[in-house]
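According to numbering that gives the first Met the number 0, the residues represented by the sequence shown are 0 to 86, in order. We put the beta carbon where it would ideally sit given N, CA and C, even for glycine.
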Amino acid sequence: MNAFLLVKELGLAVEIRMDYVKDFEGKTPVVIVSAEEIEGAIRKLMEKGEENELRKRVKEMQEKSRIAMEEGGSLRLLIEDFICNIS
0 MNAFLLVKEL GLAVEIRMDY VKDFEGKTPV VIVSAEEIEG AIRKLMEKGE ENELRKRVKE
60 MQEKSRIAME EGGSLRLLIE DFICNIS
């Protein structure tokens, strides 16, 4: 998964900066993420209590993933079907 998907689509990560552009020719200066930006993101992740929506979403996704991988779960069935088709 990429950062955009985790942050914007799934809401499972904290955005630090997503406005960078790779410049292979060296025409634009490299922008480095500041220590303050990193600290802010870490503090957001470390917030305690029920108000931390990010942690709630991650726990929900963890549970959904666990169920999908259990015997008879949707992902487990897909993987088994894939294995049967390639062998």
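Inset, instruction - Taking the CB atoms as reference points, tell me whether lysine 43 and valine 13 lie closer together than 8 Å. - result: yes
Inset, instruction - Please look up how many angstroms separate the CB atoms of valine 57 and leucine 5, rounded, as I've assumed it's under 8 Å. - result: Incorrect: roughly 10 Å between the Cβ atoms, too far for contact.
Legend entry - Residue interval of the alpha helix (DSSP H) (run including phenylalanine 23): Unbroken run through phenylalanine 23: none, as it is neither H nor E.
Inset, instruction - Could you name each continuous alpha helix (DSSP H) segment of 4 residues or more that falls completely within the region 25-61, going from the start of the chain to the end? - result: 34-45
Inset, instruction - Pull up the distance between the alpha-carbon of phenylalanine 23 and that of asparagine 1, whole angstroms please. - result: 21 Å
Inset, instruction - Under 8 Å Cβ to Cβ from alanine 67, same chain only, skipping five residues before and after it: list those, please. - result: Ser73, Leu74, Arg75
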